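Numbering (our numbering), first residue to last: 11 to 335.
We put the CB at the ideal spot given by N, CA and C, even for glycine.
In this text the structure is predicted, and so the values were computed from the model without any measurement.
Scroll down for the structure; my scribbles are underneath it.
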């Protein structure tokens, strides 16, 4: 068996905690991944791994061997990267992970432009709102929103994630426009169920006083695009990121409520395994993300368009809420 592949499978199995993880990384069956490691143990006449039905763990000999193998693989990858970079051309398959809504709404055009600029790179995109282990899944770079888990990954900020409270003009005409945070207690609230505190919205006034809007929600969903559709249809008041609601707000189809109050601002970040051994394909894509988004991302630069609905919403803004009906 190829020794370098065997070393790579061994390291991937340790990093991922199973032969199945190593198999996914190298396109093998779990049984074949196990054979690679067993062949190394036979050659060394030493057991490297303790095997259980749930997880793998290193023996004393395995710990030293793992550390050396990591160095070998890093040196090999660095040599390949330097050779490739000397040609100035990004090559290979770039694997990207991102949240479902953000990826569907904002990464398609970015990826298309990147592919046009880098004809020797192919891209695989995985959209999921679940946490993805980059090493186990073989992902080169991931876009994540909000607070990051404590990990050994490197993070780079791409853009702010600003939050807004909004509703359609039709909903406001039926129910009145909230004038104070307390008025939202009676609103038909539409919430994102996967948020850290799905039922709580927090507004902060100019004197830094916080108002937490809690209580029951009219609708909860684990996808913000669905909340957008429901808000546009007049189902209630939505709370979410401007990268989802910004375009419809600019078109006058949704109205920002209580704009004099501040909402939470999170961060959109790119995470990747290592800054030191970053392949050219990843480095170029990361630089492209930073250039495209930035402190004033495209969805926050959309200019409002004059519309009858928007003026209707402004008239509705003079009314006090009558409560949800």
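So the alpha helix (DSSP H) residue i belongs to, where does it begin and stop?
i	result
residue 270	That residue, residue 270, is in no alpha helix (DSSP H); it is neither H nor E in DSSP.
residue 142	That residue, residue 142, is in no alpha helix (DSSP H); it is neither H nor E in DSSP.
residue 48	40-54
residue 25	13-26
residue 159	Residue 159 -> no alpha helix (DSSP H), and no H or E assigned at all.
May I ask you to list the residues that DSSP assigns as paired with residue i?
i	result
residue 221	213
residue 171	276
residue 251	173
residue 68	59
residue 266	176
Helix, strand or coil: how does DSSP classify residue i here?
i	result
residue 176	strand
residue 202	strand
residue 245	coil
residue 165	strand
residue 154	strand
residue 261	coil
residue 281	strand
residue 312	coil
residue 290	helix
residue 186	coil
residue 306	coil
residue 116	helix
residue 149	coil
residue 78	helix
residue 197	coil
residue 191	helix
residue 111	helix
residue 37	coil
residue 234	helix
residue 30	helix
residue 207	Residue placement at residue 207 cannot be trusted, given a pLDDT of 48 that sits under 50; what the coordinates show is reported in the next sentence. Of the three classes helix, strand and coil, the one that applies to residue 207 here is coil, per DSSP.
How far does the beta strand (DSSP E) with residue i in it reach, from first residue to last?
i	result
residue 61	59-61
residue 231	229-231
residue 133	131-137
residue 105	102-108
Closer than 7 Å by C-beta to residue i: which residues in its own chain qualify, once you throw out the five before and the five after it? Chain order, please.
i	result
residue 21	76, 79, 80 and 83
residue 203	230, 231 and 232
Leaving out five residues before and five after residue i in sequence, what residues of the same chain have Cβ atoms less than 6 Å from its Cβ?
i	result
residue 136	107
residue 113	137
residue 307	169
residue 258	264
residue 166	280
residue 353	In this structure the chain extends from 11 to 335, so residue 353 is not present and cannot be described.
Take residue i and list the residues in its own chain whose beta-carbon comes closer than 8 Å to its own, dropping the five residues that flank it on each side.
i	result
residue 159	141
Q.
Check whether the region 100-113 and the region 286-295 are in contact - that is, three or more C-beta pairs closer than 8 Å.
A. yes
**Q.** Touch test, the region 209-228 against the region 255-274, Cβ-Cβ under 8 Å, three pairs minimum
**A.** yes
Q. With a cut-off of 8 Å, do at least 3 Cβ pairs link the region 127-135 to the region 244-253?
A. no
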